[in-house]
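Comments concern the structure below.
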Amino acid sequence: MALLGASGSGKSTLLGLLAGLDIASEGQIRIGGQELSSLDEEQRAALRSKYIGFVFQSFLLLPTLTALENVMLPADLQGRAGNKKRALLLLEQVGLRDRVHHFPTQLSGGEQQRVAIARAFMTEPELLLADEPTGNLDHHTGQQIIELLFRLNREHGTTLLMVTHDEALASRCQRRLLMNAGHLEEQHG
Amino acid sequence: MGSLSWALIWREASRGPLRLFMLALALCVASILSVTLVADRLNNALKVSGREYIAADRILTGSRAADLAWLEEAEARGLQIAPGQSFSSVLFANERLHLASVRAVDRQFPFYGELQLSPAGEVSPGTIWLSARLLALLGVGTGDKVELGNLTLTVAGELVKEPDAGFSPFLLAPRALIHLDDVAASGIIMEGSRVSYRYLFKGEQDTLDDFYGWLRPQLQPGQRWRGADDADTPVARSIGRAEQFFRLASLTGVLLGILAMAIALGYFSRREQDRIALLKTLGAGRRQLFRWLSRLLAGLLVMGSLLGGLLGYGLHKLILLALGDTLDIPLPPPSPAPFLVAAGLALLTTLMLSVVPMVRLLRVPPLRVLRHESEARIPPWWSAATLLGGTFVLSWLFAGELGLAAGLLLGLLALGAVLGASCWLLLILARRLGGGIAFRLAFGRLQRARLATLVQFGGVALALFLGTLLWVVRGELVDGFLARLPADTPNRFLINIAEQEREPIQQRLREAGLDSSQFYPIVRGRLTGINGQSVNRDVDSAQGGGQGRELNLTYTEALPVGNRLLQGAWSNTPGGVSVESGLAERLGLAIGDRLTLDLAGQQVSAEVRNLREVDWDSMRPNFYLIFSPDVLADYSATWLASFYLPDELSSFEISLIRDFPTITLFDVEALLDQLRAVLAQVSRALLVIMALVTTASLLVLLAQVEATLEVRRQELVLLRTLGAGGKLITASLRWEWLAAGLAAGFSAALAVELCVAVLLPWWLELPWQPHPWVWPSLPLLGAVLLLLTGRAGGIVKGPLAVRLRQLAQGLG
């Protein structure tokens, strides 16, 4: 699913609300059957940890952790041990098997985003939220990242909601929603 | 949390701001530990050896013998007594003669401490022990004969050391020790001779106190009952000042350390917001994050304390080494107290400084990963309040005085206001100057972020100010004293010059080409009344000399050199007296008061005409009371003068004593040398702590530069995006460092001069002098240091593109 819209139309606000990063002043958002506004910050964090993965425009990797450690981080926060094998597998799937012990500053932008994608799939989320994942990358690298994202999305059976400016990219999604001054409408065709 | 969090903690701790935090914490700990360790060990050593210093539990001193009934009473109460006398006299041997300070004791001497004689022996009638210097001067050895008055004594050996030599009034002449029984036979002591009596008492504390209660009303003026705790010599005063300075320096080190820690933690918390927001987004709860941050801080606390502990212990060793033989006492091992104090300081400081950053981080909204501008809303005064409140509590705890803590707090606030305001004015002035685009960018930034700029400048200025203040005070303390002693400072004092000897001696001095001071007539007398009221006869008063004991009174037509009139005018009209200001203060004297004095049993009185300030460290003859000539004219006076004798004319000294055997010549060269040596050692010890404080100042600068980078981040990224070249950004940053350094240096110079003007007269009792060098050097130093640390801090260094890319990614 793609979420399109001009700058300031409210895309990021919606993304924040869907992830429980912010609380809606009106209406309801349910994830896994739970009403978000009825949960406190602690419970919402636990919910995110269980159901949601993220890919950001500016990658947001922790610079003090290696690629492998960054991927392991979400599982580690859940207190799940023995997850190294899965992290290595994911890094292999994103084509970074030989760079697992590199720190983010030693990786190119495209490589960093691959690590971020591997991290997003680490906890087997049901919902993957991507905020302009190619926004900081050149066209060619952006294409590779999108291919990777779609492929993993298919393989893991995840729901992907992607905020983007890119019409071409949006056209490859099954559904396209257009945000316009706070209102959503479905685009067809 | 799994193993990852430990990796995260460890790697965070070893990076930029937290590494600075840990180093600053270590400096705080080292600062407090080194100085308290030195003070603790010295104090403990003094407690143990205090009675060894006076060789007794209590001593009774005076210029007249104690009443026999007193000694019988003391013995009846179970106290042990060792009587003694000191006087100066000339010794003859082998056709040579030399003035000696002779001490007569009995076999009980000393009760405590060690009397070192070589070869080992004891003081017995018919023998004399001579110091090494006297043995050499007289050219005698063990078994030789020496004449003292009517007696011929056999040299028993060398007098190596008396435990209580430091308290002798005749410290300066070479020493000799005889048995008390020989004094009478020598015929030296006659009516009017200048003898000091010294009775050593040994016994239980309570018995001694009871006995003193009984004795006190009977003590005569000039007699003093003392314990081990007071010594009033120039050396003791210098060491006292040095100790105060050590405490000031240590407190400064701690304050600078706290400042650096606060800046580093503030920087850390602002930068860490993005990461914490990410961790929250990825599912970390507040409790989890609290645990993580607590472990991080605890780790830093432990590492910083251990590092600081090692550093502080090493530095205290270094300080003791530098003090060298100034401390001629065995030191006990350190007690646990200083370590507890230092650990307490580390814990409290860390807790106090981490409250606001911790709350800021725990409250950061996870939405920040999408909206970078969202952050926890924390009132800006929180940081200031915790910092000031914490500093207040800390100084209260460690200084133990509420007033001092409040004063420190108010002082810091006032200083911050002065520094901030003057920096701000300078900034406005600079803005008017205009300049290239890099210049305008830099000043535009500084002006927009006003509060941040003020904090930034204030921190740098405070570091420069505190560091420089210490260097200035240290200079005044150590060099100021010696610098005020000119090269021809008198090193010989002549006393007991009879009226008829005055003219011939002046003649001899002129012939030898020696400049002497004025010759002052001396009449001995005691102050007995003020405005008709009998003065307090509490001769035990430790308030300093002047009342009670016998004073050297003089008269002169003109105000002596080196004295300064504070109140009233100098006048020679009959019946007047000029009073030293310190004595006037202690006795509550004002101009117009009438003083009554006892001169050998006769009463005279005079009216206070003016108050004088006297430089007691000047080594010139100084007097508490100077009368108009008529008041003392009827009393027989001896004369006193001082002069400078160069080493190559030392034969003059011998011929003068040979020709005028009744005068007394004091060689104060030894005292001057001792003073110089002590000051040199104290000065070296101070360098150790100064190095520590200077390092703390540099840490503040480094932390400030790192933190400024954080504040500038957004703008730099924007500039970069807009196509600004690395050179332009670098240039604009350099302008900013330059401006900050100059402005901070200038306001620090202003604050230093103001503070020194207050501190020197009030605290160290030294006259104020301007320090013109601070005005050009501090702004220059500030600019150079900031430019250098800016370079070392990594913002201007290296490929800027790499650094900015990290910044653009939000987690740099």
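Here the protein sequences line up with chains A and B, keeping their order. Per our numbering, the first sequence starts with residue 210, numbered consecutively. Per our numbering, the second sequence starts with residue 392, numbered consecutively. Even glycine gets a Cβ: it sits at the ideal position worked out from N, Cα and C. Predicted, not measured: the structure shown is a model, and the values here were computed from it.
In whole angstroms, what is the alpha-carbon distance linking residue i and residue j?
i, j, result
"threonine 1053(B)", "arginine 899(B)", "16 Å"
"proline 1158(B)", "leucine 1150(B)", "10 Å"
"serine 422(B)", "glycine 644(B)", "6 Å"
"leucine 338(A)", "glutamate 403(B)", "28 Å"
"tryptophan 1007(B)", "proline 912(B)", "19 Å"
"leucine 386(A)", "alanine 215(A)", "12 Å"
"glycine 391(A)", "arginine 759(B)", "20 Å"
"alanine 808(B)", "valine 1091(B)", "19 Å"
"glycine 983(B)", "threonine 919(B)", "17 Å"
"leucine 562(B)", "glutamate 1060(B)", "In this predicted model, leucine 562(B) has a pLDDT of only 47, less than 50, meaning its place in the structure is not dependable; the value taken from the coordinates is given anyway. Distance between the alpha carbons of leucine 562(B) and glutamate 1060(B) is about 12 Å."
"glycine 229(A)", "isoleucine 1080(B)", "54 Å"
"leucine 395(B)", "asparagine 292(A)", "11 Å"
"asparagine 389(A)", "glycine 219(A)", "8 Å"
"leucine 418(B)", "methionine 743(B)", "17 Å"
"threonine 922(B)", "proline 965(B)", "It should be pointed out that residue 922(B) corresponds to asparagine in this sequence rather than to threonine. Spanning the two alpha carbons is a distance of roughly 18 Å."
"threonine 373(A)", "arginine 308(A)", "29 Å"
"glycine 700(B)", "arginine 410(B)", "17 Å"
"isoleucine 261(A)", "alanine 812(B)", "51 Å"
"glycine 242(A)", "leucine 256(A)", "11 Å"
"alanine 567(B)", "arginine 589(B)", "16 Å"
"leucine 224(A)", "leucine 698(B)", "47 Å"
"valine 1005(B)", "arginine 615(B)", "25 Å"
"glycine 407(B)", "aspartate 431(B)", "36 Å"
"alanine 276(A)", "leucine 810(B)", "47 Å"
"isoleucine 354(A)", "glycine 366(A)", "18 Å"
Along chain A, which residues have their Cβ under 8 Å away from the Cβ of residue i?
i, result
"glutamine 679(B)", "Leu286"
Name, please, each residue of chain B whose Cβ falls closer than 7 Å to the Cβ of residue i.
i, result
"alanine 254(A)", "Lys671, Gly674, Ala675, Gly676"
"serine 221(A)", "Leu761, Arg762"
"leucine 257(A)", "According to the sequence displayed, residue 257(A) carries arginine and not leucine. What arginine 257(A) touches in chain B: Thr672, Gly674."
"glutamate 278(A)", "Leu395, Ala398"
Could you please give the first and the last residue of the uninterrupted alpha helix (DSSP H) stretch that includes residue i?
i, result
"tryptophan 1007(B)", "No alpha helix (DSSP H) holds tryptophan 1007(B); DSSP gives it neither H nor E."
"phenylalanine 1137(B)", "1117-1150"
"alanine 254(A)", "250-260"
"threonine 222(A)", "220-227"
"leucine 684(B)", "677-714"
"tyrosine 603(B)", "596-606"
"proline 283(A)", "276-286"
Residue i touches chain A at which residues, Cβ-Cβ below 7 Å?
i, result
"alanine 666(B)", "This sequence places arginine at residue 666(B); alanine is not what is there. The answer, in chain order, is Leu271."
Along the chain, where does the beta strand (DSSP E) containing residue i start, and where does it finish?
i, result
"threonine 740(B)", "Premise fails: threonine 740(B) lies in the alpha helix (DSSP H), 728-753, not in any beta strand (DSSP E)."
"arginine 385(A)", "385-389"
"glycine 214(A)", "211-214"
"valine 514(B)", "Per DSSP, valine 514(B) belongs to no beta strand (DSSP E) and is neither H nor E."
"arginine 574(B)", "The sequence shown places valine at residue 574(B), rather than the arginine named in the question. Run containing valine 574(B): none in the beta strand (DSSP E); it sits in the alpha helix (DSSP H), 572-577."
"histidine 392(A)", "392-396"
"threonine 1204(B)", "The question about residue 1204(B) has no answer, for chain B in this structure spans 392 to 1203."
"tryptophan 616(B)", "615-617"
Below 8 Å on C-beta distance, what does residue i contact in chain B?
i, result
"leucine 386(A)", "By Cβ distance, chain B contributes nothing, its closest Cβ being about 17 Å from leucine 386(A), past 8 Å."
"glutamate 251(A)", "Gly676, Arg677, Arg678"
Along chain B, in chain order, which residues have C-beta atoms closer than 9 Å to that of residue i?
i, result
"leucine 274(A)", "Leu395, Ala398, Leu399, Arg402"
"phenylalanine 359(A)", "Ordered by position in chain B, no residue passes the 9 Å Cβ test against phenylalanine 359(A), which lies about 22 Å from the chain."
Quiz prompt | Contact list for the stretch 743-774 of chain B against chain A, Cβ threshold 8 Å | solution = Here the close residues are Pro756, Pro757, Leu758, Val760, Leu761, Arg762.
Practice problem: Select from the stretch 395-411 of chain B all residues with a C-beta closer than 8 Å to any C-beta belonging to chain A, and list them in chain order. | Solution: Leu395, Ser396, Ala398, Leu399, Arg402, Glu403, Arg406
Self-check item: Near-chain B residues of the stretch 319-351 of chain A (beta-carbon distance less than 7 Å), N- to C-terminal order
Solution: Asp340
Quiz prompt | Members of the stretch 225-239 of chain A that neighbour chain B once the beta carbon cut-off is set at 9 Å | solution = Gly225, Ala228, Gly229, Leu230, Asp231
Quiz item: Enumerated in chain order, which unbroken segments of the alpha helix (DSSP H) with a length of 4 residues or greater are wholly contained in the stretch 961-985 of chain B?
Solution: 972-978
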